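For reference, the structure is listed below as structure tokens.
Put into structure tokens, the structure is as follows:
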């Protein structure tokens with residue numbers, strides 16, 4: 001019980017302290033987040049040693065339920081690790097324009113509280129409250145970056161999140177009315193498969209799909225993610241988008257009778273496939289590097305959704321593939337965003353053409369971008385490859401081969417749009433351009449460290465898989481899943 | 485009762501969301517958001533299993549939704565403060581950069 005609350009309390013205390021002591025904000029935030037990383041590591045160790053546990057806080061009917069298992073511990077460690085790296089980047093690059101929004105230090109830590117809460121949430125009401133916290137802090141971090149474009153992007157993002165939250169809340173209320181509980185693990189035995197249950201779960205799913213977001217509900221993402229300050233982008237593109245998916249996966253993996261229908265699951269998979277293709281094609285057409293990466297996020301989120309029909313069909317590999325992908329995508333994506341921020345500042349522009357000669361002009365950042373690209377494409381020996389391998393195996397074993405074809409097509413598209421960036425980056429340096437030396441390499445090292453961790457995941461996937469197996473759903477044949 | 489309030493809430497949610505993203509003035513967007521928040525409250529007030537739970541969950545929902553509406557108001561006012569104009573949410577901000 002202690003550690004699951006600690007990973008929530010530490011960033012909350014850090015946020016409050018940073019808010020009250022403006023002069024010491026970076027130091028307080030870095031200390032609190034470092035302590036959160038240590039607590040997350042201990043939580044992982046605890047889960048590996050003792051197995052999955054459930055923590056109830058509060059009165060019987062309104063008790064908050066936290067699920068401490070491999071999924072939540074892995075995602076909590078990922079979130080605190082990426083947040084610490086983003087904050088170190090912010091601390092070392094804060095003199096660079098466009099890096100930090102106003103109120104970054106307390107807001108980033110509040111965002112971390114919301115993310116940890118969502119990853120641990122075992123009931124719908126806790127999930128709703130944490131979704132609100134993530135929505136507010138995420139949108140304000142974009143809008144507070146300065147300038148009218150960011151204000152519009154942040155406001156659109158916030159309104160989409162607010163509508164999604166209320167949709168989710170309506171679904172939660174209906175579930176409560178029908179089942180007498182909002183604890184996800186208790187729903188299979190108490191929520192029937194009738195029309196009211198279907199309506200409630202549809203509302204929950206639509207709310208989460210708008211938050212993930214999946215095509216065609218992604219209208220707010222490209223602008224918000226592209227215009228986000230560079231110390232905020234890794235938090236949004238790698239963590240916030242995964243938080244709603246974690247709730248979706250818990251809900252659809254719980255074995256609720258109304259969610260075991262193959263047709264609806266196939267529809268979700270189809271939405272994922274559209275996202276993979278649409279996101280990939282949009283990234284190919286984009287001229288700004290951060291827009292390429294934003295559409296890449298849309299495509300990669302589609303891959304996560306592809307797993308749902310295979311999870312519902314009882315594939316343990318699909319569940320593992322989705323979670324490994326959520327983690328394996330986050331590390332190189334964060335690395336790419338940090339590297340692109342450094343390159344854009346150093347090379348004087350943020351278009352694909354500005355990357356020309358980046359490998360010579362800022363070699364470490366360009367190398368980090370290259371390593372991250374290998375992971376994002378899913379080439380061996382990276383974590384991205386491990387995730388896609390699981391998903392392809394799942395599609396074959398469940399007889400849903402069409403998802404394997406989509407995964408391969410998605411990888412080809414990812415290779416094509418990232419090759420555009422790398423081709424420019426490794427092209428000859430234009431002779432007319434003065435060769436300025438980069439001042440300080442700490443940002444480059446952080447980007448490379450994140451990119452390399454994606455490689456390490458691929459080289460040693462056993463430990464990650466062993467962690468994710470703790471409390472993972474067990475296949476029950478064709479009818480869905482139950483927690484073991 | 486729950487089905488009727490759910491239907492009403494669904495309608496409010498759709499209308500509110502439509503107004504939020506199609507309207508060009510701050511006032512009508514905030515009204516749309518208020519309709520969306522009201523939809524959430526309507527369902528939570530009627531769906532709880534007993535009276536005590538209904539009061540508790542409606543209080544929690546009302547507090548969070550009020551907080552969200554205040555954030556929305558702050559964002560809208562930030563635009564007016566900067567150049568005196570309401571935000572145009574139908575324009576893609578990526579085109580400005």
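Residue numbers (the numbering used here), protein chains in the order written: chain A, 1 to 484; chain B, 485 to 581.
In this text, a Cβ means the ideal position worked out from N, Cα and C, and glycines have one as well.
Small disclaimer: the values here were computed from a predicted structure and weren't measured.
Residues bridged to residue i (per DSSP)
{"i": "residue 258 of chain A", "result": "Partner(s): none; residue 258 of chain A has no beta bridge."}
{"i": "residue 547 of chain A", "result": "The structure shown does not extend to residue 547 of chain A, since chain A is modelled only from 1 to 484, so the question has no answer here."}
{"i": "residue 447 of chain A", "result": "DSSP, once it has assigned bridges, lists no residue as partnering residue 447 of chain A."}
{"i": "residue 67 of chain A", "result": "A:54"}
{"i": "residue 121 of chain A", "result": "A:66"}
{"i": "residue 514 of chain A", "result": "The first residue shown for chain A is 1 and the last is 484, placing residue 514 of chain A beyond what the model contains."}
{"i": "residue 351 of chain A", "result": "A:288"}
Contacts around residue i, its chain only, beta-carbon distance under 7 Å, and the 5 residues preceding and following it disregarded
{"i": "residue 427 of chain A", "result": "356, 357"}
{"i": "residue 406 of chain A", "result": "273, 276, 306"}
{"i": "residue 534 of chain B", "result": "none"}
{"i": "residue 367 of chain A", "result": "448"}
{"i": "residue 492 of chain B", "result": "526"}
{"i": "residue 396 of chain A", "result": "404"}
Identity of the residue in the options nearest residue i by Cα
{"i": "residue 371 of chain A", "options": "A:445, A:397, A:197", "result": "A:445"}
{"i": "residue 174 of chain A", "options": "B:572, B:565, B:499, B:538", "result": "B:538"}
{"i": "residue 311 of chain A", "options": "A:290, A:253, A:285, A:368", "result": "A:253"}
{"i": "residue 511 of chain B", "options": "B:557, B:486, B:530", "result": "B:557"}
{"i": "residue 2 of chain A", "options": "A:282, A:25, A:66, A:18", "result": "A:66"}
{"i": "residue 82 of chain A", "options": "A:157, A:224, A:22, A:240", "result": "A:240"}
{"i": "residue 337 of chain A", "options": "A:160, A:212, A:443", "result": "A:443"}
{"i": "residue 278 of chain A", "options": "A:457, A:313, A:295, A:149", "result": "A:295"}
{"i": "residue 125 of chain A", "options": "A:58, A:85, A:157, A:373", "result": "A:58"}
{"i": "residue 518 of chain B", "options": "B:562, B:498, B:561", "result": "B:498"}
{"i": "residue 23 of chain A", "options": "A:4, A:365, A:104, A:69", "result": "A:104"}
{"i": "residue 299 of chain A", "options": "A:228, A:286, A:414", "result": "A:414"}
{"i": "residue 339 of chain A", "options": "A:230, A:410, A:101", "result": "A:230"}
{"i": "residue 7 of chain A", "options": "A:56, A:80, A:384, A:197", "result": "A:80"}
Spatial neighbours of residue i in its chain, beta-carbon cut-off 8 Å, leaving aside the 5 residues before and after
{"i": "residue 71 of chain A", "result": "119, 246, 249, 250, 323, 468, 471, 472"}
{"i": "residue 420 of chain A", "result": "284, 292, 352"}
{"i": "residue 487 of chain B", "result": "none"}
{"i": "residue 484 of chain A", "result": "Only weak support exists for where residue 484 of chain A lies, its pLDDT of 36 falling under 50; the coordinates are left without a value."}
Residue i burial status per 10 Å Cβ neighbour count (16 or more: buried)
{"i": "residue 408 of chain A", "result": "exposed"}
{"i": "residue 332 of chain A", "result": "buried"}
{"i": "residue 11 of chain A", "result": "buried"}
{"i": "residue 380 of chain A", "result": "exposed"}
{"i": "residue 500 of chain B", "result": "buried"}
{"i": "residue 400 of chain A", "result": "buried"}
{"i": "residue 74 of chain A", "result": "buried"}
{"i": "residue 543 of chain B", "result": "exposed"}
{"i": "residue 109 of chain A", "result": "buried"}
{"i": "residue 378 of chain A", "result": "buried"}
{"i": "residue 567 of chain B", "result": "exposed"}
{"i": "residue 303 of chain A", "result": "buried"}
{"i": "residue 564 of chain B", "result": "exposed"}
{"i": "residue 455 of chain A", "result": "buried"}
{"i": "residue 460 of chain A", "result": "exposed"}
{"i": "residue 350 of chain A", "result": "buried"}
{"i": "residue 508 of chain B", "result": "exposed"}
Contacts that residue i makes with chain C (C-beta to C-beta distance below 8 Å)
{"i": "residue 501 of chain B", "result": "Checking the listed chains, one finds no chain C in this structure; the protein chains it contains are A and B."}
Cβ neighbours of residue i in the same chain (closer than 6 Å, five flanking residues each side left out)
{"i": "residue 485 of chain A", "result": "Summary: the structure shown does not reach residue 485 of chain A, with chain A confined to residues 1 through 484, and so no result is reported for it."}
{"i": "residue 25 of chain A", "result": "18, 105"}
Across the stretch 42-53 of chain A and the stretch 141-160 of chain A, are there enough close Cβ pairs to call them in contact, namely three or more that are closer than 8 Å? no
Inter-stretch contact at 8 Å, needing at least 3 Cβ pairs: the stretch 111-118 of chain A / the stretch 188-198 of chain A: no
How do the stretch 211-222 of chain A and the stretch 152-162 of chain A stand: do at least 3 beta-carbon pairs fall below 8 Å, yes or no? yes
Check whether the stretch 226-238 of chain A and the stretch 158-178 of chain A touch, using three or more Cβ-Cβ pairs below 8 Å as the test. no
Can you confirm whether the stretch 85-99 of chain A touches the stretch 197-210 of chain A when touching is taken to mean that 3 or more C-beta pairs between the two stretches lie within less than 8 Å? no
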